[in-house]
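Single-structure report; data block below.
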Amino acid sequence: MATRDRRFIDFCVAKIQRFEKQDAKQDFPKGEEVETFDQKERALGFSRGILLMYSIEFLLGLEGPQRLEAYVKKARIPSAKKYVKDVVDLIERST
Numbered sequence: 060m061a062t063r064d065r066r067f068i069d070f071c072v073a074k075i076q077r078f079e080k081q082d083a084k085q086d087f088p089k090g091e092e093v094e095t096f097d098q099k100e101r102a103l104g105f106s107r108g109i110l111l112m113y114s115i116e117f118l119l120g121l122e123g124p125q126r127l128e129a130y131v132k133k134a135r136i137p138s139a140k141k142y143v144k145d146v147v148d149l150i151e152r153s154t
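First residue of the sequence shown? That's 60 in the numbering used here, and the numbers climb one at a time after it.
Below you can see the structure in the form of structure tokens.
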């Protein structure tokens, strides 16, 4: 298997393991917060586009944190700077 492919697989596994236990939070303007999460609902599995999202983050992260940060901000991912730092860390560990 090509080195880049192996790195991508390692990155995906590490990212899933790192973020699976974290609560999904979103940043909303004051007064526009979502109501308390309905405890009867449960998230199951991953979205269909998760590998596409991970591949975009992986490739942009390889080009540098600034490129990844620009994408993360446009995608409105909460806590962008911390998220970029975490993703870059996972990319660096996937060697």
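Idealized CB from N, CA, C, for every residue including glycine.
Of the choices 106, 79, 135, 144, whose alpha-carbon is the least far from that of residue 121? 144
Proximal residues to residue 126 (C-beta, below 6 Å), its chain only, five neighbours per side dropped: 119
At which residues does the alpha helix (DSSP H) containing residue 62 begin and terminate? 62-78
Is the beta carbon of residue 71 sitting closer than 8 Å to the one on residue 113? yes
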